[in-house]
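Going by my numbering, the sequence shown opens with residue 526, and the numbers climb by one from there.
Beta carbons are placed, not taken as given, at the ideal position from N, Cα and C, and that holds for glycine.
Because the structure is a prediction, the values reported are computed rather than measured.
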Amino acid sequence: MPDACWVVATTDNAQAAHGLLSALQEAQAGPLALLVLDEGDYEGPLPWARLPMLSASRILSRLQPRCLLCLDDEPRARALAAAASCPVIWVNAQSADLLSLGTVVVASEVVASRIGGGVVMGDPCVDWSVWPPADPGEPDFCARFRPMREGDRPILYFVDTEEGEEALAYNTFLGLPAGRGGLLALAPRDPGRHEGVYREAMKYHLLTVRHARLMTSELPPKTRVYYIESAAAHRAMQACADLVVAGGTWAVGGEGAAEVLDRGGAILVGPNRSDPRLVAAVRAHVVIPCEEVADLARLCATWLADGPGRAALAQALSRWLVLQVDARARFVSWFTEASRRL
Numbered sequence: 526m527p528d529a530c531w532v533v534a535t536t537d538n539a540q541a542a543h544g545l546l547s548a549l550q551e552a553q554a555g556p557l558a559l560l561v562l563d564e565g566d567y568e569g570p571l572p573w574a575r576l577p578m579l580s581a582s583r584i585l586s587r588l589q590p591r592c593l594l595c596l597d598d599e600p601r602a603r604a605l606a607a608a609a610s611c612p613v614i615w616v617n618a619q620s621a622d623l624l625s626l627g628t629v630v631v632a633s634e635v636v637a638s639r640i641g642g643g644v645v646m647g648d649p650c651v652d653w654s655v656w657p658p659a660d661p662g663e664p665d666f667c668a669r670f671r672p673m674r675e676g677d678r679p680i681l682y683f684v685d686t687e688e689g690e691e692a693l694a695y696n697t698f699l700g701l702p703a704g705r706g707g708l709l710a711l712a713p714r715d716p717g718r719h720e721g722v723y724r725e726a727m728k729y730h731l732l733t734v735r736h737a738r739l740m741t742s743e744l745p746p747k748t749r750v751y752y753i754e755s756a757a758a759h760r761a762m763q764a765c766a767d768l769v770v771a772g773g774t775w776a777v778g779g780e781g782a783a784e785v786l787d788r789g790g791a792i793l794v795g796p797n798r799s800d801p802r803l804v805a806a807v808r809a810h811v812v813i814p815c816e817e818v819a820d821l822a823r824l825c826a827t828w829l830a831d832g833p834g835r836a837a838l839a840q841a842l843s844r845w846l847v848l849q850v851d852a853r854a855r856f857v858s859w860f861t862e863a864s865r866r867l
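This is the structure:
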């Protein structure tokens, strides 16, 4: 396929970008083909070939590409980019080194700031077309935490927890440095587990208030744990928390939901990210990743002590979510226009 734009990617990344590649084809942005970097088999909308065991210059002389669209930053892709005489575009790039190897498209303003450049586009590889609108939950809900705010007690919120993650929440909370314990808010994902989780929590000997039984507008000052059972409070609580820990991202096989992003704030996610939108948020550096459970208490303590850092992170997430609404369409339009000038 002479004069084609060759997408350079592993099979996994090409499959993950299926929607983007289909959209580029539908936009008739010029002939597209895929150059596979690994040994996997590709099933998707593009004709494809596996990267041969040849020098980068010989590969390019055979392909005669119009441009290279790189979805992977790895040594063979870099070698092709360095030898290419055609335009090279890097999608969701993370490294400053790539700025000298073509046009760098980045997922967020945070990434652009980290690497010192790049075209801020959002993440076009992830589908956000079914993203739900924000649900504010209960209005004025945060007013009930006035005693905590007046006492400078930080609020740590474990939301959408799954089986086994409540114990992690309590152990993390109890492991915070003295004086930083504040308030733990806890909301299991499954309402059917509420009673059992609450009763199990009694062994930790922490003063716990259940939302369903709270009749006053403010929490009692000495409350250590706020156990949430109302769906509206579940949603509204995130706006009140200093740090949000996303449930479903710690349990093996957990199903962390990306809706936690839309509620905003400073959010920390664990290593099990089944939802590609959570993966995209980590890639954009707009949430805090924790790869090992053993690091969770340390990261929570660090971020609870960093008010300005949390505020900056929450603002970055908010801007990125706005960007994501039409990130794919934006990239397709930009690439189609750029390809016409090649």
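Original post:
How many angstroms separate the CA atom of residue 618 from the CA atom of residue 846?
Top reply: 18 Å
**OP:** Over the uninterrupted alpha helix (DSSP H) stretch that includes residue 653, give me the two end residues.
**Re:** Looking at the DSSP string, residue 653 is not in any alpha helix (DSSP H), and its letter there is neither H nor E.
Original post:
With contact counted as at least three CB pairs below 8 Å, one residue from each stretch, are the segment 569-588 and the segment 679-688 in contact?
Top reply: Under the three-pair Cβ rule at 8 Å, the segment 569-588 does not count as touching the segment 679-688.
Original post:
What residue ranges within the segment 770-831 form continuous alpha helix (DSSP H) runs of no fewer than 4 residues, ordered along the chain?
Top reply: With a minimum length of 4 residues, the continuous alpha helix (DSSP H) runs that stay inside the segment 770-831 are 784-787, 801-808 and 821-829.
Subject >> Option in 610, 734, 805 and 766 with minimal Cα separation from residue 592 >> reply: 610
Original post:
If you count every other CB in all the chains shown that lies within 10 Å of the CB of residue 717, and 16 or more means buried, which is it?
Top reply: exposed
Original post:
Which partner residues of residue 698 appear in the DSSP bridge assignment?
Top reply: Per DSSP, none; premise fails for residue 698.
Subject >> DSSP state of residue 857 mapped onto helix, strand, coil >> reply: helix
Original post:
residue 635 to residue 728, Cα distance in whole Å?
Top reply: 42 Å
Original post:
Alpha carbon to alpha carbon, what distance is there between residue 596 and residue 538?
Top reply: 7 Å
**OP:** Classify residue 713 as helix, strand or coil using the three-state DSSP reduction.
**Re:** strand
**OP:** Going by CA-CA distance only, name the one from 735, 774, 780 and 788 that's closest to residue 873.
**Re:** A question about residue 873 goes unanswered here, because the residues of the chain that appear run from 526 up to 867.
Subject >> Beta-carbon proximity check, residue 744 vs residue 670, cutoff 9 Å >> reply: Yes. Within cutoff.
Subject >> residue 784 versus 778, 777, 776 and 798, residue with shortest Cα-Cα distance >> reply: 798
Subject >> Continuous alpha helix (DSSP H) stretch holding residue 669: start and end >> reply: From DSSP, residue 669 is part of no alpha helix (DSSP H); its letter is neither H nor E.
Original post:
Out of curiosity, what's the CA-to-CA distance linking residue 629 and residue 535?
Top reply: 18 Å
**OP:** Note the first and the last residue of the continuous beta strand (DSSP E) segment covering residue 685.
**Re:** 680-686
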